[in-house]
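A.B. asks: Mind having a look at this structure? Questions to follow.
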Amino acid sequence: MRVYFGYPLSYSRDGSFKLKDNFLSEINVDYSSIPVEVKKKLLSLLEKLDKKDYLFIRDVFYDGIDVLEFALYPLEPHTFEEVVLPGYVYGKSTFLIRNLFKNSFGKRISVFYDFNFFSKRTVVINVGYTQTSLSLGGELLFKLPFGEFHLVDTLGNYLFNRFIGESGVSNATLRKEGIRGEVLDLCRSSAARLLFGRTDRVEIPLFSYSRAVPEYELNLALTPVIGSAAFGELITSPSDFSSSVVFALYNYEETFRERLKLDRVVVVGRLRRPFVRALSKIFPVPVEEFSGEEFVSLQPVNGKFRVPVKVFSADRTVVRAFPLDADAEEVSIRALRSHFNRRDPKGVKVLEELLKKDLSEKELVSFIYELLTIMRRVSARNRVEIAYLNAAIYGLSQVDIPEHLFKKVENELSKKAFNWNLPFETKLNVLYFCHRYREKLQSSPLSVFPPLMLTYIREKKITEGEKNFVRTVAERFFKTTSQT
């Protein structure tokens, strides 16, 4: 018999089961009675099978592989002949599983990985709790530090930050009343229900707070984890799922001196939709979805078992922009256009000097159009283009934008705001624009940006002054001018 170990469900021909439930049932412990941190460890079991003293329950320490052993007792493991594993279990954990079956259950098993069931022209993504594996044709395997937990956590934290801004309740007040954790848990619960399509609202009964969360807001709030990178962009350090996939493709080309020949992209797991959307923008082929149950009956087609593995880690640092040193000669919109077309750094200084001038109404409109052109045309691949982009966004926050141009500006900024690979200074410039025009942006996609920035800066290496600026804008964004 064959068994597939997956998250959150595992499958055999007898049906589905959860490893964590089997383990807790075997040791006679109720799931609701264990601490949150223990629950997280149980959910991420498959990614941590090699960990010593992984769980501590009822005065007993369990190694990661011990938990799996207890979870297998109710399943008649001596009947298993083949075990299929997600790509993120590749490595030492596989060795431990083999030994577990051999030593504890007297059974020699054949081990397969998810990528063994697809041709070498297939990309296989398997979404776990805190890790996701990415197999490129079964030739290269990457372990990415993004999983279901990160999506729920990011969305939940965003919903919490937005609640703080919209309700006017402060973090300090919630802490003083001892309910901050309770409210945050409610937001995370709402995040999970939203992600799995069980609701379209966030509810916090304690404060009679209830609002619908539209699809566009849900998608934007996930961008710090999912990202928006496309193939061809310069990725110096992968910081989200999309940029990691693109970076992995570049790695493939460097390793094999050719592009990956591709027919299929397959996403395996429970929470697939956000990953499917991102992959659809990167790959020119259909993206298929698997629950994992399919592995019980699929036949292996790729016999490669030894593949190079690369592990990406979460990076706490932020990308910084480098200042340019250039002088302005002629200060005019024509000179700005000419310098920008040649990507001459002098144009950045021209732009800054134009902001100091008292422009006529006609000149202002022309200037704004020029800034919009700069934003549309920069590729953000080098320090000069980044400098132009930052200067353009800063410029738009400094001028009085005519009503008939505001929607154009808003749409263009929305395209840049949620690209988290851009330098931190770019994000701060967008944030200032949101602050300047907050009354006009209440129902705009840009309304997602200030509270999402609070989520983004968690554990980031930035200055206290920058953290305070983000907090201040996020907390004031949803308040009217009279309230602030």
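Residue numbers (the working numbering): 113 to 596.
Idealized CB from N, CA, C, for every residue including glycine.
(1) Opposite V247 in the DSSP bridges: which residues?
(2) Go ahead and pull the three-state DSSP assignment for Y364.
(3) Please name the residue or residues paired with E194 in a DSSP beta bridge.
(4) Short of 8 angstroms in beta carbon distance, which residues of its chain neighbour E442, apart from the five on each side in sequence? Order them along the chain.
(5) Looking at C-alpha atoms only, which residue of E551, S555, P563 is the closest neighbour of L540?
(6) Hey, which unbroken runs of the beta strand (DSSP E) at 3 residues or more fall wholly within the segment 259–331?
(7) Alpha carbon to alpha carbon, how far is S205 from K160? Give it in angstroms, no decimals.
(8) Grab the span of the alpha helix (DSSP H) containing S205 for me, first residue to last.
(9) Which residues in the same chain as E405 place their Cβ atom closer than 6 angstroms to its Cβ, once the five residues preceding and following it in sequence are excluded?
(10) Have a look at P420 and G199 and give me their C-alpha separation to the nearest angstrom.
(11) Whose CA, out of D297, Y328, R310, lies closest to the CA of V317?
(12) Alpha carbon to alpha carbon, how far is S144 from E151? Give it in angstroms, no decimals.
(13) Which of the three DSSP states is assigned to Y500 in this structure?
(14) Could you check whether the Cβ of Y328 sits closer than 8 angstroms to any Cβ belonging to chain C?
(15) Mark T593 as exposed unless 16 or more other C-beta atoms lie within 10 angstroms of its C-beta, in which case mark it buried.
(16) Between which two residues does the alpha helix (DSSP H) containing S124 stretch?
(17) With a threshold of 8 angstroms, are at least 3 pairs of Cβ atoms found where one atom belongs to the segment 381–391 and the other to the segment 552–569?
(18) Between the alpha carbons of E598 and L543, how many angstroms are there, rounded?
(19) Can you look up S594 in the DSSP assignment and give me helix, strand or coil?
(20) What number of angstroms, rounded off, separates the C-alpha of G459 from the C-alpha of H516?
(21) Specify the secondary structure class of V560 as computed by DSSP and reduced to three states.
(22) How many angstroms separate the CA atom of D126 from the CA atom of Y116?
(23) Would you mind reading off the limits of the beta strand (DSSP E) that contains S128?
(24) Whose C-beta lies closer than 6 angstroms to the C-beta of E278 among residues of the same chain, with five residues either side of it excluded?
(25) From what residue to what residue does the alpha helix (DSSP H) around Y119 run?
(26) Tell me which same chain residues have a C-beta within less than 6 angstroms of the C-beta of V431, skipping the five on either side of it?
(27) Express the C-alpha separation of V378 and V172 in angstroms, rounding to a whole number.
(28) Under the three-state reduction of DSSP, which class applies to F359: helix, strand or coil?
(29) Keeping to the same chain, check which residues put their C-beta closer than 8 angstroms to that of E138; ignore five residues upstream and five downstream.
(30) Beta-carbon within less than 6 angstroms of K164's beta-carbon, same chain only, minus the 5 sequence neighbours each way: which residues are those?
(31) Taking Cβ positions, are D314 and L271 nearer each other than 8 angstroms?
C.D. replies: Let me spell this out:
(1) Contrary to the premise, residue 247 reads as Ser rather than Val in this sequence. Answer is V236, L253, bridged to S247.
(2) helix
(3) R114, S222
(4) V462
(5) P563
(6) 313–316, 321–324
(7) 8 angstroms
(8) 204–217
(9) Y123
(10) The alpha-carbon atoms of P420 and G199 are separated by roughly 12 angstroms.
(11) Here the sequence assigns Pro to residue 317, which means Val is not the residue at that position. For the residues D297, Y328, R310, the minimum Cα distance to P317 belongs to D297.
(12) The residue you asked about is not Glu; residue 151 is Lys in the sequence shown. Near 9 angstroms, if we compare the C-alpha coordinates of S144 and K151.
(13) Three-state DSSP puts Y500 in a helix.
(14) No chain C is present in this structure, which holds just one protein chain.
(15) Low confidence applies to T593: its pLDDT is 40, below 50, so where it sits in the model is not reliable enough to give any reading.
(16) Per DSSP, S124 lies in no alpha helix (DSSP H) segment; the continuous beta strand (DSSP E) that holds it begins and ends at 122–124.
(17) no
(18) The structure shown does not extend to residue 598, since the chain is modelled only from 113 through 596, so no value can be given for it.
(19) With a pLDDT of 35 at S594, under the threshold of 50, the predicted position of this residue should be treated as unreliable, though the coordinate-derived value follows. Reduced to three states, the DSSP call for S594 is coil.
(20) Answer to the nearest angstrom: the Cα atoms are 26 angstroms apart.
(21) helix
(22) 12 angstroms
(23) 127–129
(24) Excluding sequence neighbours, E278 sits near F590.
(25) Here Y119 belongs to no alpha helix (DSSP H), and DSSP marks it neither H nor E.
(26) Apart from sequence neighbours up to five positions away, the residues of its chain that approach V431 with a beta-carbon distance below 6 angstroms are P535, ordered along the chain.
(27) 40 angstroms
(28) helix
(29) F182, A183, Y185, P186
(30) D175
(31) Contrary to the premise, residue 314 reads as Val rather than Asp in this sequence. In contact: V314 and L271 (Cβ atoms closer than 8 angstroms).
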